[in-house]
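*Asks:*
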Amino acid sequence: MKRAMAFVLVCLIASTALADTITVAAAISLKDALSQVAEQYKTDTGQVVEFTLGASGQLASQIQNGAPVDLFISAANKQVDDLAKAGVVDNATRRVVAGNSLVLIVRAASKASPDSLKALTDAAVAKIAIGEPKSVPAGQYAQQALKHVGVADAVKDKLIFAGNVRQVLDYVERGEVTAGLVYATDAKVSGDKVRITCTVDDADHDPIVYPAVLVSASKQQAAATKFVDYILSDKGQAKLKEYGFAPPPPPPQPTTQPTR
Amino acid sequence: MSHELWQTIWLSLRVSSIATCVALLVALPLAYMNARSRYPGKSLLEGLLVVPLVLPPTVVGYLIISGLGVRGWIGQYLHQWLAYSIMFRFEGAVLAAAVVALPLLYLPTRAAFASIESEMEDVTRLMGANRLQMFWHVSLPMARRGLTSGLMLAFSRALGEFGATVMVFGIRPNHTTLPVSIYLDYENGEMQQAAPAVVVLCVLSLTLTLLYNRSAISRQD
Numbered sequence: 001m002k003r004a005m006a007f008v009l010v011c012l013i014a015s016t017a018l019a020d021t022i023t024v025a026a027a028i029s030l031k032d033a034l035s036q037v038a039e040q041y042k043t044d045t046g047q048v049v050e051f052t053l054g055a056s057g058q059l060a061s062q063i064q065n066g067a068p069v070d071l072f073i074s075a076a077n078k079q080v081d082d083l084a085k086a087g088v089v090d091n092a093t094r095r096v097v098a099g100n101s102l103v104l105i106v107r108a109a110s111k112a113s114p115d116s117l118k119a120l121t122d123a124a125v126a127k128i129a130i131g132e133p134k135s136v137p138a139g140q141y142a143q144q145a146l147k148h149v150g151v152a153d154a155v156k157d158k159l160i161f162a163g164n165v166r167q168v169l170d171y172v173e174r175g176e177v178t179a180g181l182v183y184a185t186d187a188k189v190s191g192d193k194v195r196i197t198c199t200v201d202d203a204d205h206d207p208i209v210y211p212a213v214l215v216s217a218s219k220q221q222a223a224a225t226k227f228v229d230y231i232l233s234d235k236g237q238a239k240l241k242e243y244g245f246a247p248p249p250p251p252p253q254p255t256t257q258p259t260r
Numbered sequence: 261m262s263h264e265l266w267q268t269i270w271l272s273l274r275v276s277s278i279a280t281c282v283a284l285l286v287a288l289p290l291a292y293m294n295a296r297s298r299y300p301g302k303s304l305l306e307g308l309l310v311v312p313l314v315l316p317p318t319v320v321g322y323l324i325i326s327g328l329g330v331r332g333w334i335g336q337y338l339h340q341w342l343a344y345s346i347m348f349r350f351e352g353a354v355l356a357a358a359v360v361a362l363p364l365l366y367l368p369t370r371a372a373f374a375s376i377e378s379e380m381e382d383v384t385r386l387m388g389a390n391r392l393q394m395f396w397h398v399s400l401p402m403a404r405r406g407l408t409s410g411l412m413l414a415f416s417r418a419l420g421e422f423g424a425t426v427m428v429f430g431i432r433p434n435h436t437t438l439p440v441s442i443y444l445d446y447e448n449g450e451m452q453q454a455a456p457a458v459v460v461l462c463v464l465s466l467t468l469t470l471l472y473n474r475s476a477i478s479r480q481d
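Taken in order, these protein sequences are the chains called X and B. 1 is the number of the first residue of the first sequence in the numbering used here; add one for each residue after it. 261 is the number of the first residue of the second sequence in the numbering used here; add one for each residue after it.
Structure below.
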């Protein structure tokens, strides 16, 4: 019995000590797409990529507190800005790996069909779910868009804040709310349970981007940089596109390109 | 303290005290019944009562939404006939807290009832008390210790409840419970802003323990 336990212990220690794996902290919305990219990457290069997934804010807190992560792929710029300010990530290595868009969804069988953000003021729309604007990037974009088209005040009392985009989707699917604002990729995951009634104009909110940045404390910066290159390659982008992500927006970030 | 924090504290206290009362209404008769009698399906019922203890709050929240949401098993009728839905309402937060607090109230109470020697109750009956009088004047006072610790545990659990609440109650601007506001600050990368809320929770918990210890000591003679 003791021997068996010792063996298990040794195995556990050995497995964590496996070298050459790179650890990527990624926004959970990227989960399926990035796993696919990583699998392809492993077949192509033999490099193993491990993920720790979560809300971008949560991941940022973990990284700030020294989580052993090589690469951070956030669902918004804010978290990377904060980390860069704290000197935890190397802002010079920052590159946008994907984009997304915001869509207005209703339950597939819903009678109400608001075809614009302005239509959300209709009496037929009782409740609107968005992510909590301070902590959920999708909610922040949604709030910006509502303000930009000038309906933020009119719909204020209809808004329901959710802790994450998945919850917004769930509220809409179940008909707890009439409409919700989520990413195009989330609406795609939900399949035929929800209906997209309109895609929010990109000009109504800050660009929805997924920036990747190297963690300063990482000892695998070169390997992590190569993985980012791979995500940005045609192969990587094709996989992301399958899941509904947009390519990185054309005007590149005013950050210096990383040196390899 | 800011006005917002006061609102949060007030909402938290209201939710957890009402949730504890709701849990008490359910737990007290069941605890007494299960401590005193045998019937088919008793273990199953007890199992169900304790299940919220092991289920992640996310599952509890999910079950509440599935049951009482607009299209839930029961919720659809409430919605159709009464145009009522528990979602995103005060009652939703109370229900979520009550469900997770229930086992913590039920278990000590049941144990307390079970430890009363049945002779005591028999004597009471022989002296001519009816069942209700017996329960009120003998069983309940004798079980008060278990009941008080159960109430304390339940209230504390309700006060700290987060997972189910955030799903059923949603997050409303300036209208959240203490744990939800702490979570939002954390997610937003502003943990230092959560400090007052954390301190308030700790102080509340310490006060409770202090009160409980005082009363337990006074009861020891």
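In this text, a Cβ means the ideal position worked out from N, Cα and C, and glycines have one as well.
Of all the residues that make up the stretch 336-354 of chain B, which are near chain X by a beta-carbon distance shorter than 8 Å?
*Replies:* Correct list: 345, 347 and 348.
*Asks:* Which stretch, first to last residue, makes up the beta strand (DSSP E) that contains residue 121 of chain X?
*Replies:* As a position in the first sequence, residue 121 of chain X is number 121, starting the count at 1. Segment: none, residue 121 of chain X is in no beta strand (DSSP E) and carries neither H nor E.
*Asks:* How many Å lie between residue 69 of chain X and residue 100 of chain X at the Cα?
*Replies:* Taking the first sequence and counting its residues from 1, the one referred to as residue 69 of chain X is at position 69. Taking the first sequence and counting its residues from 1, the one referred to as residue 100 of chain X is at position 100. Taking the straight line from one Cα to the other gives about 24 Å.
*Asks:* In whole angstroms, give me the CA-to-CA distance for residue 469 of chain B and residue 410 of chain B.
*Replies:* As a working note, residue 469 of chain B is residue 209 in the second sequence. As a working note, residue 410 of chain B is residue 150 in the second sequence. Using only the alpha carbons, I get a separation of about 13 Å.
*Asks:* Using the three-state DSSP reduction, which class does residue 50 of chain X fall into: helix, strand or coil?
*Replies:* Here residue 50 of chain X refers to the residue found at position 50 of the first sequence. Three-state result, residue 50 of chain X: strand.
*Asks:* Suppose contacts are defined by Cβ-Cβ distances below 8 Å. Is residue 356 of chain B in contact with residue 320 of chain B by that definition?
*Replies:* Counted from its first residue, the second sequence places residue 356 of chain B at position 96. Counted from its first residue, the second sequence places residue 320 of chain B at position 60. In this structure, residue 320 of chain B lies closer than 8 Å to residue 356 of chain B by Cβ.
*Asks:* Assign residue 330 of chain B to one of three DSSP states: helix, strand, or coil.
*Replies:* On the second sequence, residue 330 of chain B is found 70 positions in, with the first residue counted as 1. Coil, per DSSP.
*Asks:* Tell me whether residue 296 of chain B sits in a helix, a strand or coil according to DSSP, three-state version.
*Replies:* What you label residue 296 of chain B is simply residue 36 of the second sequence in a count that begins at 1. Three-state DSSP puts residue 296 of chain B in a helix.
*Asks:* Please give the ranges of any alpha helix (DSSP H) in the stretch 192-250 of chain X, keeping only runs that are unbroken, at least 4 residues long and fully inside the region.
*Replies:* Correct list: 221-232 and 234-242.
*Asks:* Note the first and the last residue of the continuous alpha helix (DSSP H) segment covering residue 395 of chain B.
*Replies:* Along the second sequence, one-based indexing puts residue 395 of chain B at 135. Element bounds for residue 395 of chain B: n/a, residue is neither H nor E.
*Asks:* Residues of chain B with CB closer than 9 Å to the CB of residue 61 of chain X, please, in chain order.
*Replies:* Position 61 of the first sequence, counted from the start, is the residue given in the question as residue 61 of chain X. Chain B residues near residue 61 of chain X: 446, 447, 449 and 451.
*Asks:* Buried or exposed for residue 132 of chain X, going by 16 or more other Cβ atoms inside 10 Å?
*Replies:* Taking the first sequence and counting its residues from 1, the one referred to as residue 132 of chain X is at position 132. That one is buried.
*Asks:* Go to residue 72 of chain X, then tell me how far its alpha helix (DSSP H) extends in each direction, as first and last residue.
*Replies:* Numbered from its first residue, the first sequence carries residue 72 of chain X at position 72. Segment 71-73 is the beta strand (DSSP E) holding residue 72 of chain X; no alpha helix (DSSP H) there.
*Asks:* Identify, in the order they occur along the chain, each residue of the same chain with its Cβ nearer than 7 Å to the Cβ of residue 269 of chain B, setting aside the five sequence neighbours on each side.
*Replies:* On the second sequence, residue 269 of chain B is found 9 positions in, with the first residue counted as 1. Excluding sequence neighbours, residue 269 of chain B sits near 438 and 460.
*Asks:* Kindly indicate which residue of X:124, X:116 and X:129 has the alpha-carbon position closest to the one of residue 180 of chain X.
*Replies:* Numbered from 1 along the first sequence, position 180 holds the residue referred to as residue 180 of chain X. Considering only alpha carbons, the answer is X:129.
*Asks:* Mind checking residue 209 of chain X: buried by the 16 CB within 10 Å criterion, or exposed?
*Replies:* Indexing the first sequence from 1 puts residue 209 of chain X at position 209. Flag for residue 209 of chain X reads buried.
*Asks:* Return the CA-CA distance between residue 481 of chain B and residue 473 of chain B, expressed in angstroms with no decimal places.
*Replies:* Counting from one through the second sequence, the residue named residue 481 of chain B turns up at place 221. Counting from one through the second sequence, the residue named residue 473 of chain B turns up at place 213. In this predicted model, residue 481 of chain B has a pLDDT of only 44, less than 50, meaning its place in the structure is not dependable; the value taken from the coordinates is given anyway. Between residue 481 of chain B and residue 473 of chain B, the C-alpha separation is close to 14 Å.
*Asks:* Would you call residue 170 of chain X buried or exposed, if buried means 16 or more other Cβ atoms sit within 10 Å of its Cβ?
*Replies:* Counting from 1 along the first sequence, the entry for residue 170 of chain X is found at position 170. Residue 170 of chain X comes out buried.
*Asks:* Would you mind working out which of B:326, B:262 and B:297 sits nearest residue 173 of chain X, comparing C-alpha positions?
*Replies:* As a position in the first sequence, residue 173 of chain X is number 173, starting the count at 1. Among B:326, B:262 and B:297, the Cα nearest to that of residue 173 of chain X belongs to B:326.
*Asks:* So, residue 467 of chain B versus residue 407 of chain B, is the Cβ gap smaller than 8 Å?
*Replies:* Here residue 467 of chain B refers to the residue found at position 207 when the second sequence is read from its first residue. Here residue 407 of chain B refers to the residue found at position 147 when the second sequence is read from its first residue. No, these two residues do not count as a Cβ contact at 8 Å.
*Asks:* In chain B, which residues lie less than 8 Å from residue 161 of chain X when you measure between Cβ atoms?
*Replies:* Residue mapping note: residue 161 of chain X aligns to position 161 of the first sequence, counting from 1. Neighbours of residue 161 of chain X on chain B, chain order: 430, 431, 432 and 433.
*Asks:* Taking Cβ positions, are residue 165 of chain X and residue 186 of chain X nearer each other than 8 Å?
*Replies:* As a working mapping, residue 165 of chain X is identified with position 165 in the first sequence. As a working mapping, residue 186 of chain X is identified with position 186 in the first sequence. Yes.
*Asks:* Can you list, in chain order, the residues of the stretch 174-206 of chain X whose Cβ is nearer than 9 Å to any Cβ on chain B?
*Replies:* Cβ contacts with chain B come from 174, 175, 176 and 177.
*Asks:* Go to residue 104 of chain X, then tell me how far its beta strand (DSSP E) extends in each direction, as first and last residue.
*Replies:* Along the first sequence, one-based indexing puts residue 104 of chain X at 104. First-last of the beta strand (DSSP E) with residue 104 of chain X: 102-107.
*Asks:* Please name the residues in the stretch 262-282 of chain B whose beta-carbon is closer than 7 Å to at least one beta-carbon of chain X, in chain order.
*Replies:* Here the close residues number zero.
*Asks:* Leaving out the 5 sequence neighbours to the left and right, which residues in its chain are closer than 8 Å to residue 91 of chain X when beta-carbon positions are compared?
*Replies:* If you number the first sequence from 1, residue 91 of chain X lands on position 91. 80, 84, 213 and 255, listed in sequence order.
*Asks:* In three-state terms, what does DSSP make of residue 461 of chain B?
*Replies:* By one-based count along the second sequence, residue 461 of chain B stands at place 201. DSSP places residue 461 of chain B in helix when its eight states are reduced to three.
*Asks:* When you compare only the Cα positions, how much space is there between residue 350 of chain B and residue 265 of chain B?
*Replies:* Residue numbering aside, residue 350 of chain B sits at position 90 when the second sequence is read from its first letter. Residue numbering aside, residue 265 of chain B sits at position 5 when the second sequence is read from its first letter. Each residue's Cα considered, the two are about 18 Å apart.
*Asks:* Is the number of C-beta pairs between the stretch 327-347 of chain B and the stretch 378-386 of chain B that are closer than 8 Å three or more?
*Replies:* No, they do not touch.
*Asks:* Is there at least one Cβ from chain X nearer than 8 Å to residue 320 of chain B's Cβ?
*Replies:* Sequence index remark: in the second sequence, residue 320 of chain B carries index 60 (1-based). Cβ-Cβ to chain X under 8 Å: no for residue 320 of chain B.
*Asks:* Please go through the same chain and pick out, in chain order, the residues whose beta-carbon is closer than 8 Å to the beta-carbon of residue 42 of chain X, but skip the five residues on each side of it.
*Replies:* To locate residue 42 of chain X, count along the first sequence from 1; it is residue 42. Same-chain partners within the cutoff: 48 and 49.
*Asks:* Could you say if the stretch 411-421 of chain B and the stretch 358-376 of chain B meet the contact criterion of at least three C-beta pairs nearer than 8 Å?
*Replies:* At 8 Å Cβ cutoff, the stretches touch.
*Asks:* So, helix, strand or coil for residue 429 of chain B, using DSSP?
*Replies:* The count along the second sequence starts at 1 and reaches residue 429 of chain B at position 169. It is coil, neither helix nor strand.
*Asks:* Could you name the residues of the same chain whose beta carbon sits closer than 8 Å to that of residue 3 of chain X, not counting the 5 residues immediately before and after it, in chain order?
*Replies:* Taking the first residue of the first sequence as position 1, residue 3 of chain X is located at position 3. Same-chain partners within the cutoff: there are none.
*Asks:* Using 10 angstroms around the beta-carbon of residue 447 of chain B, count the other beta-carbons present and answer buried if the total reaches 16, otherwise exposed.
*Replies:* Locating residue 447 of chain B in the second sequence gives position 187, counting from the first residue. Flag for residue 447 of chain B reads buried.
*Asks:* Can we say the stretch 216-230 of chain X touches the stretch 25-32 of chain X, given the rule of at least three CB pairs closer than 8 Å?
*Replies:* No, the stretch 216-230 of chain X does not touch the stretch 25-32 of chain X.
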